[in-house]
Amino acid sequence: MIPFIDLGAQYRLIQEEVEAAVLRVLRSGQYILGPEVDALEQALSDFVGVRHAVSCASGTDALVMALMAKGVGAGDAIITTPFTFMASAEAISLVGATPVFVDVDPHSFNIDPAVLSDVSQSLAKASDGAAPLPKLPLDRLRPRGIIAVDLFGLPADYAAIEQIAGEQELFVIEDAAQSFGATLGNRRAGALASIGATSFFPAKPLGCYGDGGALFTDDHDLAELFRSIRVHGQGADRYEHVRIGITGRLDALQAAILSIKLKILPEELEKRQRVAAAYKRAIAERGLPLETPHVPDGYTSAWAQYSVLAADASARSDYQSRLSAAGIPTGIYYPTPLHLQPAFASLGYSRGDFPVAESLSERIFSLPMHPYLNEDDVQSIMRAMSA
Ligand SMILES: *Cc1c(COP(=O)(O)O)cnc(C)c1O
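Under the working numbering, the first residue of the sequence shown is numbered 2, with each subsequent residue one higher.
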């Protein structure tokens, strides 16, 4: 039995240290924020290479807090991808703004800069009242920003995205929930836009034992805003509230656990690279008709998922049944693109609007991926797939 993500193997490695840290926190009497959280934030900002890391209660809260800090609300349009986890777009709706989707690149699975450029231009025209957006009644929305997602751990094309954002005066938020530890050039994921947001949900590349998240920025004023929003818009003292905020704090137990896991992350990232390379090699050697992930020059992926593309939906379901018969779990990220989710029906999108995202959702599936998979595991997964 090969687990999809083996948190147990990781736990056995760090068990003593984690259990001692948990006991230390329990005995300290300080359970929310405090020194454990301060130490984690320092270590996170060093690792990511930004001036400020502000931890929070989840990746979703990180995105919501980023949008709140930017003053985003009703009447604002935020551009994002329809091929991502719900939270990327949900955060936009939670602050009362409108998600505007743009299709993805068929190989990176991230926002396609050419489509982004078209949509941001027509959005700008529509907001001037000049021309409505094709298909959608989105005129009169104020285009404000872009949430780019680093899907499955691979950073989006920030050089192209930042250029388009600059031309249209849009801000960029990096949703690095899946890419913590990835790199683009000499920068880490989380530092690839003016605001980075990540999640420490247990299954992410850096996960805690509960919910958690963080924001990254070089901007001191933004970091102060995040810290205020995270505790109910706190002002100079605890019972002065200068703005509307949320309950967005990280607890000390999760911070203590994350500090330990962050220390082994570089080694785990190395191991993930080896697993991904082993998959690519084995799939090629066996001549399986699957498209494997392409990591462009200058990028490294954090390999939150190893997702491959079958020729069509029926080929995918054949692979999944063969693997499942051999006791090997697979996942589908994501079976329904966000523009077709019932929760976003009021946006007025329909099937056919984002052909790349729709085709990917029918053909994609993910193989087990974690740092503790070995070459034998990869070979038995390959045997099951070729059976
Ligand atoms: C997991 C995830 C989030 C949300 O993180 P939570 O900590 O679960 O709230 C946001 N965006 C993406 C792309 C994710 O994968």
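Even for Gly, the Cβ is constructed at its ideal location relative to N, Cα and C.
Extent of the continuous beta strand (DSSP E) run through residue i
i	result
Phe217	214–218
Leu197	The sequence given here has Gly at residue 197, not Leu. Unbroken beta strand (DSSP E) run through Gly197: 196–200.
Coarse secondary structure for residue i, derived from DSSP in three states
i	result
Pro100	strand
Ile284	helix
Gln169	helix
Ile258	helix
Ile174	strand
Val379	helix
Arg352	coil
Arg231	helix
Pro135	Reliability fails at Pro135, whose pLDDT of 49 lies under 50, so the model's placement of it is uncertain and no value is given.
His371	coil
Gly423	Past the boundaries of the shown model lies residue 423; the chain is included only from 2 to 388, so the question cannot be answered.
Glu241	coil
Pro267	helix
Phe181	coil
Phe5	coil
Other residues of its chain near residue i: CB distance less than 8 Å, five sequence neighbours each side excluded
i	result
Val379	Val276, Ala279, Tyr280, Ala283
N- and C-terminal bounds of the alpha helix (DSSP H) containing residue i
i	result
Ser302	Premise fails: Ser302 is in no alpha helix (DSSP H) and is neither H nor E.
Ser308	Careful: Ser308 lies outside any alpha helix (DSSP H), inside the beta strand (DSSP E) at 307–310.
Ser123	114–128
Val26	8–29
Ala326	314–326
Cβ-Cβ separation, residue j to residue i (assumed contact under 8 Å), whole Å
i	j	result
His1	Asp7	No answer is possible for residue 1: it lies beyond the span of the chain, which begins at 2 and ends at 388.
Ala385	Arg323	6 Å
Gly214	Ala198	7 Å
Gly86	Tyr320	Note on identity: in this sequence residue 86 is Phe, with Gly being the wrong assignment. With a Cβ gap of about 23 Å, Phe86 and Tyr320 do not count as contacting.
Gly50	Arg188	6 Å
Cutoff 8 Å: residue i Cβ touching any chain D Cβ
i	result
Ser121	Of the protein chains in this structure there is only one, and it is not chain D.
Own chain partners of residue i with C-beta closer than 6 Å, once the 5 adjacent residues on each side are dropped
i	result
Val309	Leu291, Thr293
Gly97	Gly74, Ala75
Gln31	Ala253
Val1	Residue coverage of the chain in this structure runs from 2 to 388, which leaves residue 1 outside it and unanswerable.
Ala204	Ile6
Tyr206	First, the residue type needs correcting, since residue 206 is Pro and not Tyr in the sequence shown. Around Pro206: Phe181, Gly182, Ala303, Ala305.
Cβ-based neighbour list, residue i, same chain, cut-off 7 Å, excluding 5 preceding and 5 following
i	result
Arg317	Ala311, Arg364, Phe366
Leu289	Met386, Ser387
Start-end ranges of the beta strand (DSSP E) lying completely within the region 35–109, minimum 3 residues:
53–57, 77–81, 99–102
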